[in-house]
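Okay, so the sequence shown: first residue is 10 according to our numbering, each after it adds one.
Glycine included, every Cβ here is placed at the ideal spot set by N, Cα and C.
These figures come from a predicted structure and were not determined experimentally.
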Amino acid sequence: RLGVPRLHIITGEAPTIFAQALKDSASPDALFLGGGVSIPGMIEACWSVLKPGGRLVANAVTEKSAALLTAFADKHHGSLTRIAVSHALPGTNQSDWQDRLPVTQLFVEKPQ
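Next comes the structure, spelled out in structure tokens:
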């Protein structure tokens, strides 16, 4: 299990999964949001269930979602990273590149 003996992965759709997940186990040490940041109340719901000292990582592709992550990072002293990827186009001797949309990633730790 990834070398983490106490790892417990809960899959489902946030924020509705939180009620059931919290019945079955303690507040999470870490949450990863791969998308859905722009759903009203999503990032705040994740933050509210995260235990003190826990880590939240969230990704955004759209400018709207990136702006939400930026505001959240400013409010909670998080850090942002922008990741950009390009793929070589077939049939061009790998000399032409197609840019993909950059991903903005938030990392923030909840105070103890």
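With a threshold of 16 other CB atoms inside 10 Å of the CB of residue 116, please say whether the residue is buried or exposed.
-> For the purposes of this step, residue 116 is taken as the residue at position 107 of the sequence shown. Exposed, by the Cβ-count rule.
With a threshold of 16 other CB atoms inside 10 Å of the CB of residue 52, please say whether the residue is buried or exposed.
-> On the sequence shown, residue 52 is found 43 positions in, with the first residue counted as 1. In this structure residue 52 is buried. Its beta-carbon is surrounded by 16 or more other beta-carbon atoms within 10 angstroms.
Quick one: using the 10 Å Cβ neighbour count with 16 as the cut-off for buried, is residue 41 buried or exposed?
-> Translated into the one-based positions of the sequence shown, residue 41 becomes position 32. By the neighbour-count rule (16 or more Cβ atoms within 10 Å), residue 41 is not buried but exposed.
Limits of the unbroken alpha helix (DSSP H) element including residue 77 | Within the sequence shown, residue 77 is the residue found at index 68, counting from 1. Its alpha helix (DSSP H) spans residues 72 to 85.
For residue 113, count neighbouring C-beta atoms within 10 Å of its own C-beta (all shown protein chains included) and say buried if the count is 16 or more, exposed if not.
-> For this step, residue 113 is matched to residue 104 along the sequence shown. Buried.
Determine the direct distance from the alpha carbon of residue 82 to that of residue 36, and round the result to whole angstroms.
-> Sequence index remark: in the sequence shown, residue 36 carries index 27 (1-based). Sequence index remark: in the sequence shown, residue 82 carries index 73 (1-based). About 21 Å.
Grouping DSSP H, G and I as helix and E and B as strand, with all else coil, what is residue 92?
-> Stepping through the sequence shown from its first residue, residue 92 is reached at position 83. The answer is strand: DSSP assigns residue 92 an E or B state.
Counting only the same chain and skipping the five closest in sequence on each side, list residues whose C-beta sits under 8 Å from that of residue 54.
-> As a first step, residue 54 is located in the sequence shown; it is residue number 45 there, counting from the start. Within the same chain, residue 54 has close Cβ partners 23, 24, 27.
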